[in-house]
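Engineer: First the structure, which I've put down as structure tokens, then a few questions once you've had a look.
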Amino acid sequence: MKEDLLEQLRAAVHRLVEGSGEGDPPAFALDVPRSADHGDFACNAAMVLTKRLRRPPREIAQQLIDTLGDAGGLVERAEIAGPGFVNLWLSKSRWQGVLDEILTAGEAYGRSDAGARRSVQVEFVSANPTGPLTLGHGRQAVLGDSIARLLDHQGFAVTREYYFNNGGRQMRVLGESVQARYLEQLGRAAPPPAEALADAEASWPEEVDGLPVRFPRDGYQGGYISEIAEGIRAEHGDGWADDADGSRFGKVAEETIFAEIRVTLDALQVTFDEYYNEKSLYEGGKLEAVVADLRERDLVYEADGATWLRSTAFGLDRDRVLIRSNGEPTYLLPDLAYHREKFRRGFEQFPYVKHAAGALGCPEDAIELVMNQFVTLTSNGEQVKQSTRRATYVTVDDLMADVGRDVFRFFMVQRKAEGHLDFDLDLAKDVDWKKNPAYYVQYAHARTHGIERKAAENGVAMPAPGGVDASPLQLPEEIELLQKLSQFPGVVARAAETREPHHVAYYLRDVAGQWNPYIQDGTRHRVLSDDPALSNARLGLALAVRIVLAAGLDLLGLSAPERM
RNA sequence: GGCCCAGUAGCUCAGUUGGAUAGAGCACUUGCCUCCGAAGCAAGGGGUCGCAGGUUCGAAUCCUGCCUGGGUCACCA
229 MKEDLLEQLR
239 AAVHRLVEGS
249 GEGDPPAFAL
259 DVPRSADHGD
269 FACNAAMVLT
279 KRLRRPPREI
289 AQQLIDTLGD
299 AGGLVERAEI
309 AGPGFVNLWL
319 SKSRWQGVLD
329 EILTAGEAYG
339 RSDAGARRSV
349 QVEFVSANPT
359 GPLTLGHGRQ
369 AVLGDSIARL
379 LDHQGFAVTR
389 EYYFNNGGRQ
399 MRVLGESVQA
409 RYLEQLGRAA
419 PPPAEALADA
429 EASWPEEVDG
439 LPVRFPRDGY
449 QGGYISEIAE
459 GIRAEHGDGW
469 ADDADGSRFG
479 KVAEETIFAE
489 IRVTLDALQV
499 TFDEYYNEKS
509 LYEGGKLEAV
519 VADLRERDLV
529 YEADGATWLR
539 STAFGLDRDR
549 VLIRSNGEPT
559 YLLPDLAYHR
569 EKFRRGFEQF
579 PYVKHAAGAL
589 GCPEDAIELV
599 MNQFVTLTSN
609 GEQVKQSTRR
619 ATYVTVDDLM
629 ADVGRDVFRF
639 FMVQRKAEGH
649 LDFDLDLAKD
659 VDWKKNPAYY
669 VQYAHARTHG
679 IERKAAENGV
689 AMPAPGGVDA
699 SPLQLPEEIE
709 LLQKLSQFPG
719 VVARAAETRE
729 PHHVAYYLRD
739 VAGQWNPYIQ
749 DGTRHRVLSD
759 DPALSNARLG
769 LALAVRIVLA
779 AGLDLLGLSA
789 PERM
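Just so we're aligned: the first sequence equals residues 229 to 792 in this note's numbering.
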């Protein structure tokens, strides 16, 4: 609808500027005005053209209107307003036509082949298996999944990938943490003093009450570590007590934790096509190859026993360590190898959902970072730092147990990604989740089914696509509803392009915000009436609303219930 | 201190490729269930869009400076 009009306007503008000199006509906007008094659409072309045409905007506006005419039957009325806006009204029948367009397209309404099946990889969550998923991970999970759904909806061939790190220092510390708890449980080691644990700077005694303190300085303090140790004890008794290193413990811990992460993701209805293991990069000489290639380009040098990446050559602030002096690579090296592998696997674009950790100097435009800030927690009016290691966090499982998947997802996707998401723990307990916008939208959807059930009781069938005469839809609120529904394809396209699913969430709230009052005010416009033609048209409207709401909810990963 | 993000109603946030009178939810006040679903509807109060300049027909939106909050500046990831 809007595109058709825009095309007509472009043509009209083109005719106006003909012979006025060189260059393309300047860009102008066609917007849906806030106030209905300003038309179905408003165009600022006349004001934008003043400089070029050297005439007052209102004069140009009049000329534009004359040139545009009825724009091939689209425009019913045009007015000049304010400093030179051209306000345009489309005929009612145009808007009524939206109804059948939606019903005919059905589930496909709003879909697009803009992506042309190009392959896109969305990599997200990518939490290392060192503990349960926290709210921060949950936000990434929901955000990344919705972006993947949007891109798929817009015709891209999407691969969802979880890249995880189970090699290196982090996992070693994890294993040592479990081992220490295991030995503590067997009475062969002593836990570190509580006050030392609480203080990040404190030093630890070698032993307590004659027992060695085995828990590592930067160990993981969560209760789940002890549970894993108990599991090992239940299975192996004290058979692992004399292990010199923690690698066996680390393996068990990794497997246990990863299994739990997958259960959580499952509950969120977030799925992945691939779990890419950092360890696989250590094999087959991939890391060495990266270093060698970089060295060839003089981007690598040795200093202080470590191997450095000359990242200042890319204009970054400082150089980074690729391989530590103890021979262990930093995360950066496998990460570089990982991205190179991505290209080798043929992906063309990578919206790369990660924390705002900063790009690693990869110059390819194809790597996109969707940054999202941490979820901050407040309790008693104070900020609580989330830390897996120090076991100060709220898990996805905790919150989902309280509110369920749909509310969780809506809550997480409702705010744009780069903003902070502040989560008040105390408020969360008091909050009435039934007043959540997620329910509001789902309720609007369920009501379309309620009406269908009522119609069935009355022996009235739902209209079939292609067979709906929408002309009985004459009320302003009915036309406005159709206008709103007609915006869905544009909203989805923009959300996919900008990787901003929150636009969909707000749009759905708007649609529900028009539909719920419409249904409620049954005195003015009952869907089911004595007038068969009117009933049929309004049932068609209910179906159209249902199609759009269901499609939108699905893009956000929410269910579209038939009753609540 | 450098860089990044943010500052919009009491609270949480939309709106930012420049458009007309700045929006929503929550909270608060007042009404509404013999009526297609009250997880709802109607009405109401609530604002120096952090501050100050600048750009122009027009600025919450763009530019400059400043203030405030957060993040980040490791041989952690």
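Don't be surprised by glycine CBs; every beta carbon is placed ideally from N, CA and C.
In the DSSP output, what is residue 436 paired with across the bridge?
Structural biologist: The residue you call residue 436 lines up with position 208 of the first sequence. Residue 436 is bridged to 439.
Engineer: Mind checking who residue 362 pairs with in its DSSP beta bridge?
Structural biologist: Position 134 of the first sequence holds residue 362. In the DSSP output, where bridge partners are listed per residue, residue 362 has 623.
Engineer: Can you tell me the Cα-Cα spacing of residue 423 and residue 358, whole angstroms?
Structural biologist: Residue 423 sits at position 195 when you count from the first residue of the first sequence. Residue 358 sits at position 130 when you count from the first residue of the first sequence. So the alpha carbons of these two residues sit roughly 23 Å apart.
Engineer: When you compare only the Cα positions, how much space is there between residue 755 and residue 492?
Structural biologist: Translated into the one-based positions of the first sequence, residue 755 becomes position 527. Translated into the one-based positions of the first sequence, residue 492 becomes position 264. C-alpha separation (whole angstroms): 42 Å.
Engineer: Thinking C-beta only, is residue 729 closer than 8 Å to residue 784?
Structural biologist: On the first sequence, position 556 is the one that residue 784 refers to. On the first sequence, position 501 is the one that residue 729 refers to. In this structure, residue 729 lies closer than 8 Å to residue 784 by Cβ.
Engineer: So residue 292 packs on residue 244, CB below 8 Å; how close in whole Å?
Structural biologist: The residue given as residue 292 occupies position 64 in the first sequence. The residue given as residue 244 occupies position 16 in the first sequence. Yes, residue 292 and residue 244 are in contact; Cβ-Cβ is about 6 Å, under 8 Å.
Engineer: Is residue 388 helix, strand or coil when you go by DSSP?
Structural biologist: Taking the first sequence and counting its residues from 1, the one referred to as residue 388 is at position 160. It is a strand residue.
Engineer: Quick one: any contact between the region 448-458 and the region 616-627, if contact means 3 or more CB pairs under 8 Å?
Structural biologist: Contact holds: three or more Cβ-Cβ distances are below 8 Å.
Engineer: For a test of the three-state rule: what should DSSP assign to residue 529, helix, strand or coil?
Structural biologist: For the purposes of this step, residue 529 is identified with residue 301 of the first sequence, where counting begins at 1. Residue 529: strand per DSSP, three-state reduction.
Engineer: Measure the C-alpha to C-alpha separation of residue 684 and residue 391 and round it to an integer number of angstroms.
Structural biologist: Reading the first sequence from its first residue, position 456 is the one you call residue 684. Reading the first sequence from its first residue, position 163 is the one you call residue 391. When rounded, the distance between both Cα atoms is 50 Å.
Engineer: Should residue 764 and residue 691 be called a contact, given that it needs their Cβ atoms to be closer than 8 Å?
Structural biologist: For the purposes of this step, residue 764 is identified with residue 536 of the first sequence, where counting begins at 1. For the purposes of this step, residue 691 is identified with residue 463 of the first sequence, where counting begins at 1. Going by C-beta atoms, residue 764 is nearer than 8 Å to residue 691.
Engineer: Quickly, what does DSSP pair residue 615 with across the bridge? List them, please.
Structural biologist: Working through the first sequence from its first residue, we reach residue 615 at position 387. Per DSSP, 620.
Engineer: Which stretch, first to last residue, makes up the beta strand (DSSP E) that contains residue 535?
Structural biologist: As a first step, residue 535 is located in the first sequence; it is residue number 307 there, counting from the start. Counting along the chain, the beta strand (DSSP E) containing residue 535 begins and ends at 534-537.
Engineer: Within 10 angstroms of its Cβ, does residue 554 collect 16 or more other Cβ (buried), or is it exposed?
Structural biologist: What you label residue 554 is simply residue 326 of the first sequence in a count that begins at 1. Exposed.
Engineer: Do residue 720 and residue 414 have their beta-carbon atoms positioned less than 8 Å apart in this structure?
Structural biologist: Numbered from its first residue, the first sequence carries residue 414 at position 186. Numbered from its first residue, the first sequence carries residue 720 at position 492. In this structure, residue 720 does not lie closer than 8 Å to residue 414 by Cβ.
Engineer: Which value, in whole angstroms, describes the spacing of the CA atoms of residue 753 and residue 746?
Structural biologist: Start at 1 with the first residue of the first sequence, and residue 753 comes out as number 525. Start at 1 with the first residue of the first sequence, and residue 746 comes out as number 518. Spanning the two alpha carbons is a distance of roughly 7 Å.
Engineer: Which first and last residues belong to the alpha helix (DSSP H) in which residue 317 is found?
Structural biologist: As a first step, residue 317 must be located in the first sequence, where it is residue number 89. Segment 313-318 is the beta strand (DSSP E) holding residue 317; no alpha helix (DSSP H) there.
Engineer: Which complete alpha helix (DSSP H) runs does the region 400-481 hold, if anything under 4 residues is left out?
Structural biologist: Qualifying alpha helix (DSSP H) stretches, in chain order: 422-426 and 451-464.
Engineer: Would you kindly work out how many angstroms separate the C-alpha atoms of residue 416 and residue 426, rounded to a whole number?
Structural biologist: Stepping through the first sequence from its first residue, residue 416 is reached at position 188. Stepping through the first sequence from its first residue, residue 426 is reached at position 198. Those two C-alpha atoms are separated by around 23 Å.
Engineer: Taking 8 Å as the cut-off, decide whether the C-beta atoms of residue 309 and residue 236 are in contact.
Structural biologist: Within the first sequence, numbered from 1, the residue matching residue 309 stands at position 81. Within the first sequence, numbered from 1, the residue matching residue 236 stands at position 8. Their beta carbons are not under 8 Å apart, which means residue 309 does not touch residue 236 by this criterion.
Engineer: Look up residue 309 in the DSSP assignment and give the residues it is bridged to.
Structural biologist: Walking along the first sequence from the start, residue 309 turns up at place 81. Answer is 313.
Engineer: Using the Cα positions of residue 354 and residue 682, report the straight-line distance between them to the nearest angstrom.
Structural biologist: In the first sequence, counting from the first residue as 1, residue 354 sits at position 126. In the first sequence, counting from the first residue as 1, residue 682 sits at position 454. The straight-line gap from Cα to Cα measures roughly 47 Å.
Engineer: In three-state DSSP terms, what is residue 337?
Structural biologist: For the purposes of this step, residue 337 is taken as residue 109 along the first sequence, with counting starting at 1. Coil, per DSSP.
Engineer: Whole-angstrom Cβ separation of residue 772 and residue 318, contact assumed at under 8 Å?
Structural biologist: The sequence position of residue 772 within the first sequence is 544, counting from 1. The sequence position of residue 318 within the first sequence is 90, counting from 1. The pair is not a contact, with the Cβ atoms about 17 Å apart (cut-off 8 Å).
Engineer: Considering only residues of the same chain and omitting the five flanking positions on each side of residue 792, which have a CB-CB separation below 8 Å?
Structural biologist: Looking up residue 792 in the first sequence gives position 564. Closer than 8 Å at the Cβ level, and outside the excluded window around residue 792, lie 667, 670, 671 and 674.
Engineer: Can you tell me where the beta strand (DSSP E) with residue 352 in it begins and where it stops?
Structural biologist: For the purposes of this step, residue 352 is identified with residue 124 of the first sequence, where counting begins at 1. Per DSSP, residue 352 belongs to no beta strand (DSSP E) and is neither H nor E.
Engineer: How is the alpha helix (DSSP H) around residue 549 delimited, first residue to last?
Structural biologist: Translated into positions along the first sequence, residue 549 becomes position 321. Segment 548-551 is the beta strand (DSSP E) holding residue 549; no alpha helix (DSSP H) there.
Engineer: Between residue 562 and residue 509, is the Cβ-Cβ spacing less than 8 Å?
Structural biologist: Here the question's residue 562 lines up with position 334 in the first sequence. Here the question's residue 509 lines up with position 281 in the first sequence. It is a contact, given that the beta carbons lie within the stated cut-off.
Engineer: Quick check on this structure: which residue in 434, 458 and 384 has the alpha carbon closest to the alpha carbon of residue 410?
Structural biologist: Mapped onto the first sequence, residue 410 falls at position 182. That would be 458, whose Cα lies nearest to the Cα of residue 410.
Engineer: With a CB to CB cut of under 6 Å and the five nearest residues on each side skipped, what residues in its chain are close to residue 780?
Structural biologist: Residue 780 sits at position 552 when you count from the first residue of the first sequence. So the qualifying residues of the chain are 732 and 736.
Engineer: For the beta strand (DSSP E) containing residue 764, name the first residue and the last one.
Structural biologist: Counting from 1 along the first sequence, the entry for residue 764 is found at position 536. That residue, residue 764, is in no beta strand (DSSP E); its alpha helix (DSSP H) goes 760-783.
Engineer: From 714, 749 and 484, pick the residue whose C-alpha is nearest to that of residue 323; which is it?
Structural biologist: For the purposes of this step, residue 323 is taken as the residue at position 95 of the first sequence. The shortest C-alpha separation from residue 323 is found at 714.
Engineer: Contact between the region 465-477 and the region 332-352 is defined here as three or more beta-carbon pairs at a separation below 8 Å; is this criterion met?
Structural biologist: Too few Cβ pairs lie closer than 8 Å, so no.
Engineer: Using CA coordinates, which residue listed in 385, 446, 499 and 257 is at the minimum distance from residue 398?
Structural biologist: Walking along the first sequence from the start, residue 398 turns up at place 170. When only C-alpha atoms are compared, the closest one is 446.
Engineer: Return the CA-CA distance between residue 356 and residue 558, expressed in angstroms with no decimal places.
Structural biologist: Position 128 of the first sequence, counted from the start, is the residue given in the question as residue 356. Position 330 of the first sequence, counted from the start, is the residue given in the question as residue 558. Answer to the nearest angstrom: the Cα atoms are 15 Å apart.
Engineer: Spell out a yes or no on whether the region 516-532 and the region 491-505 are touching, meaning 3 or more CB-CB pairs, one atom from each, closer than 8 Å.
Structural biologist: No, they do not touch.
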